[in-house]
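Okay, structure first, notes after.
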Amino acid sequence: MMGGQFYGGFWWMPLTMVFFWVLIGLGIYLIIRAFFPSTSLRSERESNRAMEIAKERLARGEITIEEFERIKKSLLE
Numbered sequence: 042m043m044g045g046q047f048y049g050g051f052w053w054m055p056l057t058m059v060f061f062w063v064l065i066g067l068g069i070y071l072i073i074r075a076f077f078p079s080t081s082l083r084s085e086r087e088s089n090r091a092m093e094i095a096k097e098r099l100a101r102g103e104i105t106i107e108e109f110e111r112i113k114k115s116l117l118e
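In terms of my numbering, the sequence shown is residues 42 to 118.
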């Protein structure tokens, strides 16, 4: 029997190819996520920063509690 020692020994090759392409795809996905973060995360961070500024202004007495509540309500909508 010619080549009998290799019979059935190459079943893992397609699996390694699929694994390789999954790793490449995952790497590309992670690079894109690193350079282009989600806009929802960005807007949430901006909203949190705006709330912090409003709290600081309230603490310094620059705005009243009513103004703070109005700002808070508009930021949470």
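Glycine residues also receive a C-beta, built at the ideal position from the N, C-alpha and C atoms.
As the structure is a prediction and not an experimental result, all values here were calculated from the model.
Cβ-Cβ distance between residue i and residue j below 8 Å
{"i": "residue 104", "j": "residue 98", "result": "yes"}
{"i": "residue 73", "j": "residue 95", "result": "no"}
{"i": "residue 116", "j": "residue 91", "result": "yes"}
Nonlocal neighbours in the same chain, by C-beta distance under 6 Å from residue i, ignoring five residues either side
{"i": "residue 88", "result": "116"}
Residues near residue i by beta carbon distance below 7 Å, same chain, minus five either side
{"i": "residue 42", "result": "Note that residue 42 scores a pLDDT of 47, beneath 50, so its modelled location is shaky; the value from the coordinates is reported in the next line. Result list for residue 42: empty, nothing under 7 Å."}
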